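Residue numbers (the working numbering), protein chains in the order written: chain A, 1 to 797; chain B, 1001 to 1339. Virtual Cβ for every residue (Gly too), placed ideally from N, Cα, C. Quantities reported herein were computed from a predicted structural model and do not represent experimental measurements.
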């Protein structure tokens, strides 16, 4: 809401600067976003009088003028066709500044001295200040004789400041100059002067001139109309144009300007129809018919739907209620009779209509926040008053007022002490009621009860808490003493899952990985990019109104996001990149979605770099599993997955449940992401890890007796998995077998084709004695035998 | 014999002094003290001496042996020390060459800041709660006193899945979920990802992070709200930090406020960072709206509470001086490794 200070001063006594007002208002709840100085881009432009005009000796189209600016006479070269001796004109003198940062300097124009510039209204940017130059081609010629040498800022009274207030959605009353004035008066403790609305008696009787029929009172609780005859369409006076322009509304003509002026001044949107174009002089407020259309004032044809409230005459639509009027009843230079509208339309209905049409206006943004039903009538009277003041037409006596809404003020009763209790202050009943009275509430205190009558424009105030806020913001938020809650000694904590998640992140970071955070939505086609066939695409949660199709699908895997991050880093020529993310993936429970989806916390790791391979990634996971205390229950087995290298990928099982996958990325996918050939990736169900984590530690006694170590080297077929061999060794070794370590793998010379040599170091230990060879021999032999029979292994001696 | 012993001693000591390496010393030892050594030979001839001379000569011979042995061992030590000194000299390295750093990764700055903030609130007795990112319209809006067609819905441009399901626009729905399940006293913070359909630029991201706070108990006042958040600001931004509360409007709190903290860069005197105001807006807060308590199945006549919400991304950017929110989601290692 742009509020020009000069306009504001109409209603309050203001002794402080605009900036001080802005700062004070911010602290009572009307946040000021900034203060702008009007015309501060014009400097050293003064009033001058042309005393002599001569033809420029060297140029046919130029003239040389002698201009009296009071203290001296300047010679100025101009090309303006409209100059004449005796004119009072704006003169930019040497060093002057014009809008757009233009500097004027004394110089020679085609050999003749020019000590400044005669300015047009356009060059001075006066239009944005509501100043019209009547379309004259050439310099601005003043319509009166100002003192020579006077700064035009003073002469034209251009100086003003405008505060931009951010008005919250609960305070539509502050989308008006009087609303801001009321707040400013309370904030500064100064007097607020209500606009005095008084009309001269009109001619005839409105009942004979027009009719209003409200078919849908639910959506239009009040509709007031007045008729004005013999309208003389003309520009409105300079003071009104200047105020409108400063408030950000373009002046058009007296009638349109008056409707806009009343809206800005009082917060009530108004509209004027050319009544001669309204069939039967009858205004109807009704829902649009199926496939009804209307061309609005902006020239656009609008397709209306049956849930939209419109203004119509018996034959056709003439406006979209609360949003925009129709072109068919627009005020034009030929208009002679008008009907003025001031109404209250249902906030939700206006909001939906304006949203559906993609059409927002100053009017709709006020209606959709719910306007004051009492003000509807005052505003139309104010408009009629201004028409009389501007002599813009003859107001017909009386107004039409179809009102089904409740005009009774709201009354709130509460114990006043509750306000203190909520705020944590100790105000007396008098202070509380004084503050409320200053805000135009009526407040009565009877014992411990407070009875408050709410002004009609404060529909946002409903209960005790709202009153407390009114009291607090005027009393001053800064005066509420800071306290810390009593009776709360308990120390807070993270949940076990949150603590474990942090631990996992620390462990991963300690192993050289960086944590990434990526967007939760992806393209629905992303699965193709990671190697899925269309029939393999998973069901996902789809956003109805995404920013773009590329961001329309909630991810069911973190893999594409992580590959994207690797790819971006690779493109920056970063040689090694190790990252992880722990975030939710989203799995719909049903289609169409009736329930919230499953949100599964997922860990994804992605790495590339010269020293990394499948086993380095697997090692990192093993370390993490160790931290989570379930290493013993983890199993790896070869797995196929479209994103991964078919021979270098393992599924990970945790206590028989699928935990996830790790492996080297398929070369085709690497290529798609512009990555080198060796990219490693793992994705694990982190939620399951949290669930299965064993964080309780139990001490095991340190061994007193030495271990006996035996090496075991076997030759087996390459397709026998080391994991299975180790499992067999452990199972056969029993309790005395403490550790199994694979220390060498060898293929080549002396090893048969398709075979490999695996060398293990086995340590045996008993807790209660030193083991003898005789204790171990039969176990060790048993292991060898098991490997021979199960895998066809040959002992290598 | 006495002369012979003296001679042996002098010769031995001389040659020990002249010895250059441990091999020479060993040879000297063998020459004089070995089984066939000169001193040993002489001692063998002791038997020929008279009983009177024998102890005298024996003593002398033992002294000679002692002298040689001690000279030998001190020379051995000297040579060893020299050898060690030589080795150490040779082993010296250029200590200014770079070290071999273990590769260390790091947490995302958002995680780090979240942990900082969480720790402050844990210390004040808050617990950490979480809620779903894909949320019901009911929890995200209705139960927070934002009915359908309420203009406040415009300020939170929402991604919808369907009419009833959406991506949460704030962490506030978890307030209701917690109140439904737990009776007062309630003291929680709720960190999480939130979504708004803002196009991406330096200050907007369709995905960002919030931390919500909720306190509900008997006799909770707006003074408590100010006190708790002031402590938070001081712990987070330094003990000199001042806070300022401005009235504001949120549908789910009444009274509502925005909290500014004195600019960390200029300490409130005004600079580019705070647009010369001396203040930086950090969070929104307020007393829980009675209707919201009712939606949470809590009696507003008995209990009151306060709630607050802040943008984690903005605070992280503030702390680290990050000027573009997009950096947080690009995960450039050169960026991540700075924290």
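Euclidean distance between Cα positions of residue i and residue j
i                       : j                       : result
residue 545 of chain A  : residue 662 of chain A  : 35 Å
residue 128 of chain A  : residue 1247 of chain B : 33 Å
residue 722 of chain A  : residue 758 of chain A  : 8 Å
residue 1063 of chain B : residue 1076 of chain B : 20 Å
residue 1162 of chain B : residue 589 of chain A  : 14 Å
residue 1208 of chain B : residue 1326 of chain B : 10 Å
residue 88 of chain A   : residue 46 of chain A   : 10 Å
residue 494 of chain A  : residue 1110 of chain B : 17 Å
residue 560 of chain A  : residue 527 of chain A  : 8 Å
residue 86 of chain A   : residue 49 of chain A   : 6 Å
residue 325 of chain A  : residue 362 of chain A  : 12 Å
residue 379 of chain A  : residue 271 of chain A  : 11 Å
residue 431 of chain A  : residue 438 of chain A  : 11 Å
residue 67 of chain A   : residue 73 of chain A   : 5 Å
residue 413 of chain A  : residue 448 of chain A  : 11 Å
residue 391 of chain A  : residue 399 of chain A  : 19 Å
residue 238 of chain A  : residue 254 of chain A  : 11 Å
Residues sharing a beta bridge with residue i, DSSP
i                       : result
residue 64 of chain A   : A:54, A:77
residue 1056 of chain B : Answer by DSSP bridge pairing: none, since residue 1056 of chain B is not bridged.
residue 108 of chain A  : A:113
residue 1207 of chain B : B:1195
Assigned exposure category for residue i - 16 Cβ within 10 Å defines buried
i                       : result
residue 1082 of chain B : exposed
residue 1150 of chain B : buried
residue 1279 of chain B : buried
residue 764 of chain A  : buried
residue 269 of chain A  : buried
residue 178 of chain A  : buried
residue 476 of chain A  : exposed
residue 1048 of chain B : exposed
Below-8 Å beta-carbon distance, residue i vs any chain B residue
i                      : result
residue 622 of chain A : no
residue 490 of chain A : yes
residue 275 of chain A : no
residue 424 of chain A : yes
residue 473 of chain A : yes
residue 219 of chain A : no
residue 485 of chain A : yes
residue 586 of chain A : yes
residue 263 of chain A : no
residue 481 of chain A : yes
residue 572 of chain A : yes
residue 683 of chain A : no
Minimum Cβ-Cβ distance from residue i to chain A less than 8 Å
i                       : result
residue 1285 of chain B : no
residue 1265 of chain B : no
residue 1174 of chain B : no
residue 1055 of chain B : no
residue 1252 of chain B : no
residue 1115 of chain B : yes
residue 1248 of chain B : yes
residue 1160 of chain B : yes
Contact test: residue i Cβ vs the ligand SAH heavy atom, cutoff 7 Å
i                      : result
residue 280 of chain A : With respect to small molecules bound, the structure shown includes none, and the ligand SAH cannot be examined in it.
query: Name the residues in the stretch 1122–1148 of chain B whose C-beta lies less than 9 Å from a C-beta of chain A; which are they?
result: Against chain A - using a Cβ distance shorter than 9 Å - the residues of the stretch 1122–1148 of chain B are 1122, 1123, 1124, 1125, 1126, 1127, 1128, 1129, 1130, 1132, 1133, 1134, 1135, 1136, 1147, 1148.
- request: Pull out every residue of the stretch 1212–1244 of chain B whose Cβ sits closer than 8 Å to any Cβ of chain A, in chain order.
  value: The stretch 1212–1244 of chain B vs chain A, Cβ under 8 Å: 1215, 1217, 1219, 1220, 1221, 1222, 1223, 1224, 1226, 1227, 1228, 1230, 1231, 1244.
- request: Note down, in chain order, all residues in the stretch 514–526 of chain A with a beta-carbon under 9 Å from any beta-carbon belonging to chain B.
  value: Interface annotation for the stretch 514–526 of chain A against chain B: 514, 515, 516, 517, 518, 519, 520, 521, criterion Cβ-Cβ distance under 9 Å.
task: Could you run through the stretch 1081–1099 of chain B and flag, in chain order, every residue whose CB is less than 9 Å away from some CB of chain A?
output: Taking 9 Å as the Cβ-Cβ cut-off against chain A, none of the residues of the stretch 1081–1099 of chain B qualify.
message: So if I threshold CB-CB distances at 9 Å, which residues from the stretch 428–443 of chain A count as touching chain B?
response: Considering only beta carbons, no part of the stretch 428–443 of chain A lies closer than 9 Å to chain B.
- request: Identify each residue in the stretch 37–57 of chain A for which the Cβ-Cβ distance to at least one residue of chain B is less than 8 Å, and report them in chain order.
  value: Closer than 8 Å at the C-beta level to chain B, one finds no residue of the stretch 37–57 of chain A.
message: Can you pull out the residues from the stretch 1318–1339 of chain B whose beta carbon lies closer than 8 Å to at least one beta carbon of chain A?
response: So the list reads 1328, 1329, 1330, 1331, 1332, 1333, 1334, 1336, 1337, given in the order they occur along the chain.
query: Between the stretch 539–567 of chain A and chain B, which residues of the former have a C-beta closer than 8 Å to a C-beta of the latter?
result: Those residues of the stretch 539–567 of chain A placed with their C-beta closer than 8 Å to a C-beta in chain B are 541, 542, 543, 544, 545, 546, 547, 551, 554, 565, ordered along the chain.
query: Given a limit of 8 Å on CB to CB distance, which residues of the stretch 170–192 of chain A reach chain B?
result: Within the stretch 170–192 of chain A, the qualifying residues are 170, 171.
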